[in-house]
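Chains as they are written, first to last, in our numbering: chain A, 1 to 334; chain B, 335 to 612.
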């Protein structure tokens, strides 16, 4: 029995199991919601629909739910991957994309767009993306003057504080309607999912994600220390610049489309590391799939918890993820 | 002759198709004031779902909730299988109304502005969407009559402060809010006319503005810890309104909704108590 479990716990085995869980979860999530779609008709539904019930199910599934389920998986995967990359780069378990200003910059862009530009999605999304990119680049350039990661970290803290203050200022200037839009943006939501959005974001995320994952050897070398990684022949400065830019490119559009969804990027890589160790060759792909699972699950819970209404997903990720993570930490001590 | 007959036929057909689509029986309302109008028009029994801001009348609270109207659940609405969705122009998320239309639902968007004109448009719009025969005209006429009668009644030069408290800190209503529009309609002077929107109160500022009257909502009063706690707050305590206990407390939707109960709201506002005792 023990041997069986040990063999099962190989990274490849875990990855296979996680993928299976993800597929099952996506099916479950696609079949349930405010409008119940029987699992038995689900597989055939995209191809044919007979009868009025089926026609409605089909349009709900194809136009509303499927893009959303896929988007949740995509966003979760990207957030977890970027979290893993940031934790490796900063050699710090608390690192996440937000650390270098990506989220705060995105929030500033979005809030600015809501207060100054009316807040249509067409304005909001690009503004949020530009905001996150500018904040990240600023943090990188300002932090470069210090040796190592400390400078980047400090610059990130300062950029976060400035963005936070400006968001506060915009909030103060906002009128009642804008204020309510701000609140909902800050809680995060996947309700904006649509096929056009997916068509743009999915290829982008896959390409940028793959570029990040290519640096897994450098991330492994960084586990030993920055000096050691340099001695092992990794051009650390170039790696750092590349990973930070890629992370901003990966997460920026997501933040723009979903608002602030916390916790997944921070915690999912830790979960995987606790289970499998820190070899990035396996940590990265497992984090990707686990992140997709986490956000798909959170979105599913958000949709079914208070039918026919919905909970903001940011609340669910923290409310479910937090205790789960604590439980896992407690388990490790035995 | 032939042409006339064809025209008549077309008119008859138009009438039948209209009346076939014109009397929706499963209505979802996204916005408290719209829900109120549906009930006021006597069509409350056609509602099958509302948003969380629909807190009046009591019957609306028992209906399934599809979330707050600014972030309603698309699937939640679709699952109720409505044949009509009434939505405030502030309903969202932005693309959700469009998605409802793409799913083949009839969506009627009505203005949410805090003006008499917009309220009349809301009434006409809801009545027309529900396929009611009189088009809401009776209701609008009655509204005009009552509001005009109330407007004739002077309240004297009273400086009013409207307080809203949602998070524990009282915020004052400046211009460009439905609260300000309501005060003006009632004939009061808003002491915060130099400010735009809702802003946290500057306690010193409030004392300096010397409002004679404080208007607030039931939920705000609860969030402030009751009337005595509110009036005892530094800054507020020093105002003439607090000293004379001139405070008007009204239900949130009545005070801020600009719904069909507008005359009642004006009446309560104008009957500003000389001394509110508890």
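Each residue gets a CB set at the ideal place from its N, CA and C atoms; glycine is no exception. Keep in mind that this is a model prediction, so the values were computed, not measured.
Residues of the region 422-436 of chain B with a Cβ closer than 9 Å to any Cβ of chain A, in chain order: 424, 426, 427, 428, 429, 430, 433, 436. With 16 or more other Cβ atoms from the protein chains shown falling within 10 Å of its own Cβ, residue 404 of chain B counts as buried. For residue 191 of chain A, the nearest beta carbon of chain B is closer than 7 Å to its own beta carbon. Rounded to whole angstroms, residue 78 of chain A and residue 288 of chain A show a C-alpha spacing of 7 Å. The continuous alpha helix (DSSP H) containing residue 604 of chain B extends over residues 596-604. Among the residues facing chain A, residue 362 of chain B is not included, as its CB has no counterpart in that chain under 7 Å away. In this structure, the alpha-carbon of residue 439 of chain B lies about 14 Å from that of residue 64 of chain A. Only those residues of the region 402-424 of chain B whose C-beta falls short of 9 Å from the nearest C-beta of chain A are listed: 402, 404, 405, 406, 407, 408, 409, 410, 411, 412, 413, 414, 415, 424. Under the 7 Å criterion on CB atoms, residue 53 of chain A is classed as non-interfacial with respect to chain B. Exclusion of the five residues before and after residue 588 of chain B leaves 390, 595, 598, 599, 602 as the residues of its chain whose Cβ lies within less than 8 Å of its Cβ. Interface annotation for the region 514-531 of chain B against chain A: 530, 531, criterion Cβ-Cβ distance under 8 Å.
In summary, residue 23 of chain A is exposed, with fewer than 16 beta-carbon neighbours lying within 10 Å of its beta-carbon over all protein chains present. DSSP places residue 490 of chain B outside any beta strand (DSSP E), giving it a letter other than H or E. Looking from the CA of residue 190 of chain A, the closest CA among A:274, A:255, A:49 belongs to A:255. Judged by pairs of C-beta atoms under 8 Å, the region 225-236 of chain A does not touch the region 244-264 of chain A, as fewer than three such pairs exist. Around the beta carbon of residue 392 of chain B, a 10 Å sphere encloses fewer than 16 other beta carbons of the protein chains shown; the residue is thus reported as exposed. Pairing residue 548 of chain B with residue 528 of chain B gives a Cβ-Cβ distance that is not under 7 Å. Residues 534 of the same chain have their beta carbon placed closer than 7 Å to that of residue 503 of chain B, with the five preceding and five following residues left out of the count. Residue 375 of chain B carries a coil assignment under DSSP once its states are collapsed to helix, strand and coil. If you compare the alpha carbons of B:523, B:460, B:475, B:446 with that of residue 376 of chain B, the shortest gap goes to B:460. Contact between the region 39-49 of chain A and the region 258-276 of chain A is not established, with fewer than three Cβ pairs separated by less than 8 Å.
Counting only the Cα atoms, residue 407 of chain B lies some 12 Å from residue 60 of chain A.
In this structure, B:420 is the residue among B:420, B:402, B:410, B:412 with its C-alpha nearest to the C-alpha of residue 373 of chain B. Chain order gives the chain B residues near residue 310 of chain A as 400, 401, 405, 406, 407, 408, 409, 410, where near means a beta carbon separation below 9 Å.
The C-beta distance from residue 89 of chain A to residue 222 of chain A rounds to 7 Å, short enough to meet the 8 Å contact threshold. Taking the Cα of residue 416 of chain B as reference, the smallest distance to any Cα among B:398, B:428, B:429, B:423 is reached at B:398.
CA-to-CA, the gap between residue 29 of chain A and residue 57 of chain A works out to about 14 Å.
Legend: CB atoms of the region 59-92 of chain A lying less than 8 Å from CB atoms of chain B belong to residues 59, 60, 63, 64, 65. At a Cβ-Cβ threshold of 7 Å, residue 208 of chain A and residue 250 of chain A count as neighbours. Within the same chain, Cβ atoms closer than 7 Å to the Cβ of residue 66 of chain A are found at 30, the five residues on either side in sequence being excluded. For the 7 Å CB-CB criterion, residue 53 of chain A and residue 532 of chain B do not form a contact. Close partners of residue 35 of chain A in chain B (Cβ separation under 7 Å): 409, 412, 413. By the neighbour-count criterion, in which a residue is buried when 16 or more other Cβ atoms sit within 10 angstroms of its Cβ, residue 50 of chain A is exposed. For residue 234 of chain A, no chain B residue has a Cβ inside 9 Å of its Cβ, as the nearest lies near 44 Å away. Residue contact with chain A for residue 369 of chain B: absent (no Cβ-Cβ distance below 7 Å to any residue of chain A). Taken through DSSP and simplified to helix, strand or coil, residue 528 of chain B comes out as coil.
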